[in-house]
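Quick note: this note's numbering has the sequence shown finishing at residue 347, numbered continuously throughout. Glycine included, every Cβ here is placed at the ideal spot set by N, Cα and C.
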Amino acid sequence: MPKHEVKIFIDKQPKESPNPTTGHALYILGSIDSQNYDLYRETHHGGDDELIKDDATPIELHEGDHFFSSPKKINPGA
270 MPKHEVKIFI
280 DKQPKESPNP
290 TTGHALYILG
300 SIDSQNYDLY
310 RETHHGGDDE
320 LIKDDATPIE
330 LHEGDHFFSS
340 PKKINPGA
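Structure below.
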């Protein structure tokens, strides 16, 4: 299947990515520090957001997908 570009958002910033891509490529595209942050794809059907691993696993993107980064360690009240 040939790759084509799709428009996505990472931390509310518009990006263009080849499709399919990999989690590692999305971390690079979004300048996400995988040592301290995880990347998630927002879901819109009531389920949990999808954790994107920083690896070579193929990921099928959809036009307009939204991704967000979140600290790996959350310290409530700090």
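Boundaries (first-last residue) of the alpha helix (DSSP H) holding residue i
i    : result
H293 : 292 to 298
Buried/exposed call for residue i, threshold 16 Cβ in 10 Å
i    : result
S339 : exposed
S300 : exposed
D324 : exposed
I343 : exposed
G292 : buried
I279 : buried
Candidates the options: closest to residue i by CA position
i    : options                : result
I321 : S300, F278, F337, K284 : F337
P289 : K342, E332, Q304       : E332
H313 : N344, D334, E274       : D334
Endpoints, beta strand (DSSP E) assigned at residue i
i    : result
E274 : 273 to 279
H335 : 335 to 340
Cβ distance (whole Å) where residue i is taken to contact residue j below 8 Å
i    : j    : result
D318 : Y309 : 4 Å
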